[in-house]
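Chains as they are written, first to last, in our numbering: chain G, 22 to 283; chain A, 22 to 283. Working notes, beginning with the structure itself.
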């Protein structure tokens with residue numbers, strides 16, 4: 022069945038890259054990639070031996086599934102083009118309601134990958150990318166589910182509100198966490214200390230919550246409201262009021278969480 | 022040589038637990054544990070078949086090494102007791118200067134474990150706990166180094182200022198990261214979504230920076246200053262001005278980091 026479904030994929034970024042790779046590995050038939058940037062789109066098309074266009078006029082009208090792996094601005098623009106209104110249209114965004122397609126397409130859905138995807142970092146899509154799906158109707162859901170379960174082991178149905186909360190939690194647990202890594206990197210760089218020294222700690226921090234609730238895994242000065250240590254740290258950060266403010270704010274949240282869980 | 026060094030360990034918390042376990046596994050001779058809480062100290066002593074006391078009057082005076090795995094308040098108090106002023110005194114704190122011992126002890130040093138340690142979570146001390154050490158003089162450093170290299174593979178000399186910066190970076194990369202996990206946990210709990218769904222993302226976030234700089238690993242709405250998505254997220258968080266403020270602050274930092282690295 023896989024090869025009988027013809028796909029057009031919109032987008033040539035990180036999300037498009039990993040969806041295309043996953044779909045191809047399961048023998049889905051991608052008939053065209055549609056991108057904005059000639060460089061990125063051509064790169065993807067050549068890497069996976071696919072046809073491509075950067076001109077909306079040339080988007081194929083005969084596909085069965087249109088998969089949108091684009092920024093949300095582009096998504097709105099592309100949907101309004103009224104291409105193939107009877108095909109199945111699927112977006113992949115965490116924070117865009119499924120009803121963005123309503124009245125513009127007859128059958129539609131969402132496949133949201135709860136993962137951080139970079140072209141330059143391989144990931145086992147099948148086992149490491151949980152997918153959250155929904156669809157306009159039961160029949161379309163079956164197809165969205167078939168596609169999703171073909172490429173990933175962990176597939177759950179979630180409505181747009183649940184998906185939004187998943188995306189926001191991912192922003193905290195990934196984007197913001199990664200920025201804290203960056204801050205730590207910069208603090209160490211200021212003392213000519215290699216970031217590599219922190220990697221065992223970063224791994225252990227992520228490992229701990231496989232077995233413990235985050236609040237039970239907590240250690241450090243904020244947990245015990247050790248104001249002497251915290252003052253030393255705030256002094257050290259005195260060159261950056263942003264970092265001082267962030268330090269205070271998260272420390273208070275830690276203390277609050279720990280006090281409430283006693 | 023290990024068994025000829027007699028240790029007294031101060032403290033009965035997470036750090037004491039893991040140091041005692043590591044020292045015993047390498048046949049060091051711990052002659053006494055000194056704790057404040059009868060319960061915790063007795064528990065540790067029985068677990069490792071060691072003598073203990075909770076009464077400072079009974080601290081053994083004949084040990085070669087006194088290892089302080091205590092809160093910083095207790096550390097100051099214990100040092101001022103003037104026990105065994107000619108033995109080697111070693112504290113394990115990230116943010117306490119080595120000179121806390123000066124004029125009170127003749128030989129002293131620091132062994133700082135750059136790791137999050139919980140009694141309830143096993144860790145391979147030898148391979149997963151980088152140690153940062155310093156000492157009052159070259160001869161003492163040799164002994165501090167011998168002890169450290171006996172129990173851990175990654176041992177580096179670092180002065181008190183470098184150690185402070187390591188501790189602060191650890192607060193960001195561990196304590197604060199862990200609090201972000203907690204926030205994500207609570208956001209999902211509000212929608213009856215199991216935190217387990219986020220675990221592949223959390224693992225991948227930590228894995229990515231094994232191979233990429235944190236700033237290169239970044240994805241998500243703040244990186245591209247996607248104000249439409251960010252407004253939706255801020256609306257969703259409207260019940261908590263603390264979370265809204267944190268969201269804004271870290272998003273701005275991400276955007277700033279990304280703009281500067283282009």
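Idealized CB from N, CA, C, for every residue including glycine. All of these numbers come straight from a predicted model, not from anything done at the bench.
Beta-bridge pairing of residue i - partner residues as DSSP gives them
{"i": "residue 112(A)", "result": "89(A) and 131(A)"}
{"i": "residue 244(A)", "result": "Answer is none; residue 244(A) lacks a bridge partner."}
{"i": "residue 152(G)", "result": "134(G) and 176(G)"}
{"i": "residue 30(A)", "result": "54(A) and 88(A)"}
N- and C-terminal bounds of the alpha helix (DSSP H) containing residue i
{"i": "residue 163(A)", "result": "159–172"}
{"i": "residue 184(G)", "result": "181–191"}
{"i": "residue 271(A)", "result": "262–281"}
Contact with chain G by residue i, beta-carbon distance below 9 Å
{"i": "residue 211(A)", "result": "yes"}
{"i": "residue 220(A)", "result": "yes"}
{"i": "residue 39(A)", "result": "no"}
{"i": "residue 119(A)", "result": "no"}
{"i": "residue 126(A)", "result": "no"}
{"i": "residue 260(A)", "result": "no"}
{"i": "residue 132(A)", "result": "no"}
{"i": "residue 53(A)", "result": "no"}
{"i": "residue 112(A)", "result": "no"}
{"i": "residue 172(A)", "result": "no"}
{"i": "residue 106(A)", "result": "no"}
{"i": "residue 214(A)", "result": "yes"}
{"i": "residue 268(A)", "result": "yes"}
{"i": "residue 116(A)", "result": "yes"}
{"i": "residue 135(A)", "result": "yes"}
{"i": "residue 100(A)", "result": "no"}
{"i": "residue 28(A)", "result": "no"}
{"i": "residue 206(A)", "result": "yes"}
Any chain A beta carbon closer than 9 Å to residue i
{"i": "residue 155(G)", "result": "no"}
{"i": "residue 223(G)", "result": "yes"}
{"i": "residue 94(G)", "result": "yes"}
{"i": "residue 123(G)", "result": "no"}
{"i": "residue 175(G)", "result": "yes"}
{"i": "residue 263(G)", "result": "yes"}
{"i": "residue 271(G)", "result": "yes"}
{"i": "residue 31(G)", "result": "no"}
{"i": "residue 42(G)", "result": "no"}
{"i": "residue 159(G)", "result": "no"}
{"i": "residue 166(G)", "result": "no"}
{"i": "residue 89(G)", "result": "no"}
{"i": "residue 275(G)", "result": "yes"}
Distance cut-off 8 Å: residue i Cβ against heavy atoms of the ligand MG
{"i": "residue 195(A)", "result": "The ligand content of the structure shown is nil, which means the ligand MG is not present either."}
*Residue ranges of each alpha helix (DSSP H) run of no fewer than 4 residues wholly in the stretch 197–240 of chain G, ordered along the chain?*
Here the runs fully enclosed are 198–210, 220–232 and 235–238.
*Could I get the ranges of all uninterrupted beta strand (DSSP E) runs contained in the stretch 32–78 of chain A, with 3 residues as the minimum, in chain order?*
For secondary structure counted as the beta strand (DSSP E) over 3 or more consecutive residues, the stretch 32–78 of chain A holds these complete runs in sequence order: 50–55.
_Residues in the stretch 230–251 of chain A having any Cβ partner in chain G nearer than 8 Å_ = Listed in sequence order: 230, 231, 232, 233, 234, 235, 236, 237, 238, 239, 240, 241, 242, 243, 244, 245, 247, 249 and 250.
*Of the residues that make up the stretch 181–203 of chain A, which ones have a beta carbon closer than 8 Å to any beta carbon in chain G?*
For the stretch 181–203 of chain A, which is checked against every Cβ of chain G, the residues closer than 8 Å are 182, 183, 185, 186, 187, 188, 189, 190, 191, 192, 193, 194, 195, 196, 197, 198, 199, 200, 201, 202 and 203.
*Given a limit of 9 Å on CB to CB distance, which residues of the stretch 139–154 of chain G reach chain A?*
Across the stretch 139–154 of chain G, CB contacts with chain A closer than 9 Å involve 139, 141, 142, 144, 148, 149, 150, 151 and 153, in sequence order along the chain.
_Proximal residues, the stretch 60–84 of chain G versus chain A, C-beta separation under 7 Å_ = Cβ contacts with chain A: none found.
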